[in-house]
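Participant: Going by our numbering, 113 is the number at position 99 of the sequence shown; the sequence numbering is gapless.
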Amino acid sequence: MKDRTANNVHTAFVEEAKAHERLLMFAKKAEEEELPQIAHLFRAVAAAEGIHSRRHFAMLESVADTQTNLERSFQSENTVNGIHYPAMLLEAEEDSETAASITFSQIRDVEAFHANLYRRALNDLIAQRSTEYYVCTVCGYVAEREPPENCPVCNAPRSKFEKVN
Ligand SMILES: [Fe+2]
Ligand SMILES: [Fe+2]
Numbered sequence: 015m016k017d018r019t020a021n022n023v024h025t026a027f028v029e030e031a032k033a034h035e036r037l038l039m040f041a042k043k044a045e046e047e048e049l050p051q052i053a054h055l056f057r058a059v060a061a062a063e064g065i066h067s068r069r070h071f072a073m074l075e076s077v078a079d080t081q082t083n084l085e086r087s088f089q090s091e092n093t094v095n096g097i098h099y100p101a102m103l104l105e106a107e108e109d110s111e112t113a114a115s116i117t118f119s120q121i122r123d124v125e126a127f128h129a130n131l132y133r134r135a136l137n138d139l140i141a142q143r144s145t146e147y148y149v150c151t152v153c154g155y156v157a158e159r160e161p162p163e164n165c166p167v168c169n170a171p172r173s174k175f176e177k178v179n
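Structural data, given as structure tokens:
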């Protein structure tokens, strides 16, 4: 694919993925406002934007075999943990933006745990050990087997963990 079109496809992927997430947040808000039909509409269009996003992504040939996908995901977590979040955290601290500082710092820490899960999965690729996963709905920490009493990153209670299907 020519560079210009590839850039446009990548931009379209990012924007559609953002729209997907944004609409799901809007749906949640509509539910809180007891507007279930509007929530339903937002979820319907969110599903459509998700289809658009994945269609663009597929064209970028970014979905390789699973071993490669695990390796890339591992690298990506290391990069955001080691470079991107620390840089953004520094700037948020310089700006005295406490809420953003806390978010960047917690998520930076969580990404290291994600990297570790991928590293172990790469080692276990053949063994196919099965385990349950629970995600902290506050910070994104992923627990194996069972949820902890409190999240080791953000201290959220066990009730904030959701089982992954
Ligand atoms: Fe992550
Ligand atoms: Fe957490």
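Note that beta-carbon positions come from the ideal geometry of N, C-alpha and C, so glycine has one too. Since the structure is predicted, the reported quantities are computational estimates derived from the model, not experimental observations.
Going by the beta-carbon positions, is the gap between leucine 104 and serine 119 smaller than 8 Å?
Facilitator: Position 90 of the sequence shown, counted from the start, is the residue given in the question as residue 104. Position 105 of the sequence shown, counted from the start, is the residue given in the question as residue 119. For leucine 104 and serine 119, no; Cβs fall outside 8 Å.
Participant: Take the Cβ of valine 77 as the centre, count every other Cβ of all protein chains shown within 10 Å, and call the residue buried at 16 or more, exposed below.
Facilitator: For this step, residue 77 is matched to residue 63 along the sequence shown. Per the 10 Å Cβ criterion, exposed.
Participant: Beta strand (DSSP E) containing valine 149: first to last residue?
Facilitator: The count along the sequence shown starts at 1 and reaches residue 149 at position 135. It spans 147-150 - the beta strand (DSSP E) in which valine 149 sits, taken as one unbroken run.
Participant: How long is the line joining the alpha carbons of alanine 20 and glutamate 75, rounded to whole angstroms?
Facilitator: Start at 1 with the first residue of the sequence shown, and residue 20 comes out as number 6. Start at 1 with the first residue of the sequence shown, and residue 75 comes out as number 61. Distance between the alpha carbons of alanine 20 and glutamate 75: 11 Å.
Participant: According to the Cβ coordinates, are valine 178 and tyrosine 132 closer than 8 Å?
Facilitator: Here residue 178 refers to the residue found at position 164 of the sequence shown. Here residue 132 refers to the residue found at position 118 of the sequence shown. No. Outside cutoff.
Participant: Just curious, the alpha helix (DSSP H) that lysine 177 is in, first and last residue?
Facilitator: The residue you call residue 177 lines up with position 163 of the sequence shown. Looking at the DSSP string, lysine 177 is not in any alpha helix (DSSP H); the run it does join, the beta strand (DSSP E), is 175-177.
Participant: Taking the Cβ atom as the reference point for each residue, do alanine 41 and alanine 53 lie within a distance shorter than 8 Å?
Facilitator: As a first step, residue 41 must be located in the sequence shown, where it is residue number 27. As a first step, residue 53 must be located in the sequence shown, where it is residue number 39. Yes, Cβ-Cβ distance for alanine 41 and alanine 53 is below 8 Å.
Participant: Please report the Cβ distance between valine 149 and glutamate 176, rounded to the nearest whole angstrom; I am assuming they are in contact, meaning their Cβ atoms lie under 8 Å.
Facilitator: Taking the sequence shown and counting its residues from 1, one reaches residue 149 at position 135. Taking the sequence shown and counting its residues from 1, one reaches residue 176 at position 162. Valine 149 to glutamate 176, Cβ: 5 Å. Contact.
Participant: Output the distance between the C-alpha atoms of glutamine 142 and alanine 58, rounded to the nearest integer angstrom.
Facilitator: Reading the sequence shown from its first residue, position 128 is the one you call residue 142. Reading the sequence shown from its first residue, position 44 is the one you call residue 58. If I take the Cα positions, the gap works out to 35 Å.
Participant: Is the beta carbon of valine 167 within less than 7 Å of some heavy atom of ligand 2?
Facilitator: Looking up residue 167 in the sequence shown gives position 153. Checking the Cβ of valine 167 against ligand 2 gives yes.
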